[in-house]
Amino acid sequence: MKAIVDVGKCSGHARCVAVAPHVFVLNSDGYNERAINPVPAGHEVEGRRGARACPERAIRIVEDGEEAEAGR
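The opening residue of the sequence shown carries number 4 in our numbering; numbering runs sequentially from there.
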């Protein structure tokens, strides 16, 4: 599973990091800079919760195999 961050949509609420500190990383300005990908084993639920916590909907979860299937 991967968490894809649209940095252009991030407004710096940091809810993703509050909910999922093992998955999301803030930069020095307090914006979600990136996700740790693939999402570390055992932290998938945390990653999904962090994505849902984003009020800007700047985080998209991509399940394993989903990217390959989209190209078919």
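Even for Gly, the Cβ is constructed at its ideal location relative to N, Cα and C.
Problem set entry | Buried versus exposed call for G53 [16 or more other C-beta atoms within 10 Å across all chains shown] | As a first step, residue 53 must be located in the sequence shown, where it is residue number 50. Flag for G53 reads buried.
Exercise. Looking at the unbroken beta strand (DSSP E) that takes in R63, where does it start and where does it end?
Worked result: By 1-based counting over the sequence shown, the position of residue 63 is 60. I62 to V65 is the span of the beta strand (DSSP E), which, as asked, contains R63.
Problem set entry | Beta-carbon proximity of K12 to E59, cut-off 8 Å | Mapped onto the sequence shown, residue 12 falls at position 9. Mapped onto the sequence shown, residue 59 falls at position 56. In this structure, E59 lies closer than 8 Å to K12 by Cβ.
For this session: Identify which residue in I62, R55, G15 and I64 has its Cα closest to the Cα of Y34.
Result: For this step, residue 34 is matched to residue 31 along the sequence shown. Per the Cα distances, G15.
Exercise. Quick one, are the C-beta atoms of V26 and E49 less than 8 Å apart?
Worked result: Locating residue 26 in the sequence shown gives position 23, where the first residue counts as 1. Locating residue 49 in the sequence shown gives position 46, where the first residue counts as 1. Yes.
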